[in-house]
Each structure stands twice: as C-alpha cells, then as structure tokens.
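Participant: What follows is a single structure, and I will ask about it in a moment.
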Amino acid sequence: MSNLATAEAMIAAYNAQDADLYVSYMTDDACEANYRGAVVREGKEGTRSGLAAAFSRWPQNKAEIVSREVTDNYVVFREHVTRGPASDGSDLVEPFDVLAVYSFEGGKCSRVEFIR
1 MSNLATAEAM IAAYNAQDAD LYVSYMTDDA CEANYRGAVV REGKEGTRSG
51 LAAAFSRWPQ NKAEIVSREV TDNYVVFREH VTRGPASDGS DLVEPFDVLA
101 VYSFEGGKCS RVEFIR
C-alpha cells in the first residue's frame, strides 16, 4: 500500500471512529503532535485511547480531505474537521481546517503533526 493510500485509510478509519483500525497503520512508537510542538498522543496505545476519548466526546466528528500532497516519506492533507455537538454538553467546536503532515517509516505512519 502506498503512503498516500495508507494516510487515506487512516482518515477513513478516523471517520468510522475506529481507533483500532486507525492505529493499525502506525508504527508502535508513532505519535500525534502539534507541528514542531508538544506530542498530544504518544505511541499506538496513547493514540488509541486519545482517539477513543475524542470519539466518545464528539460522536459526529469527521475529517474531510480537501487537498493532498505527497513527497517521499510524507503525505500532507488539508483537512476540514467538523465535530458536532459534544456528548458532555460542552460548547460547540466550530468547524476548522488543519494541515496534517503524515510521516512514514517502513510503510507505516510514524508521526502525524497538525498545523492549525
């Protein structure tokens, strides 16, 4: 599977709110982080539990791929994210755009960095 196909499959798993499938495309020590900043989900297990919590809080959460760029071991998506009402009654999160940089090692995603 190409890096682009893997990143697209990760978005499909994200939109299906399937954290297990999402992390199956990642290396064991993969992480999600703010661009050039703090890691927000560490390793497969941290990513799995973090996504599960987000999916529980925002059951209508979706990411639409607006554009794609591919170079060597990187895939960059511009994503439009909608959350919908939160299950905990917190304020509605307005839809937002994010650039997501997917880094790959050995055919698996090793890091996702978000620029927002």
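Under the UniProt record's numbering, think of the first position of the sequence shown as 1, with each following residue one higher. For every residue, glycine included, the Cβ atom is placed at its ideal position computed from N, Cα and C.
1) So if DSSP puts leucine 99 in a beta bridge, which residue, or which two residues, is it bridged to?
2) Does DSSP put valine 39 in a helix, in a strand, or in coil?
3) Let me know the secondary structure DSSP gives glutamate 45 once reduced to three states.
4) List the DSSP bridge partners of alanine 19.
5) Going by beta carbon distance, what residues of the same chain come within less than 8 Å of phenylalanine 104, once the five residues before and after it are set aside?
6) Determine the direct distance from the alpha carbon of glycine 106 to that of phenylalanine 96, and round the result to whole angstroms.
7) When you compare each of Val93, His80, Pro85, Lys108 to phenylalanine 114 by their alpha carbons, which one comes out closest?
8) Where does the unbroken beta strand (DSSP E) through aspartate 91 begin, and where does it stop?
9) Return the residue from the list Lys44, Met1, Arg36 that minimises the CA-CA distance to aspartate 29.
10) With distances taken from CA atoms, which of Arg83, Asp91, Asp88 is nearest tyrosine 14?
Facilitator: Per the coordinate set shown:
1) Arg78, Ile115
2) Of the three classes helix, strand and coil, the one that applies to valine 39 here is strand, per DSSP.
3) helix
4) Alanine 19 is not bridged by DSSP to any residue.
5) Asn3, Thr6, Asn73, Tyr74, Val75, Ser110
6) Note on geometry: alpha-carbon atoms of phenylalanine 96 and glycine 106 lie some 31 Å from one another.
7) If we check each option's Cα against that of phenylalanine 114, His80 comes out closest.
8) Where aspartate 91 is concerned, there is no enclosing beta strand (DSSP E), given that its DSSP letter is neither H nor E.
9) Lys44
10) Comparing alpha-carbon positions, the option among Arg83, Asp91, Asp88 lying closest to tyrosine 14 turns out to be Arg83.
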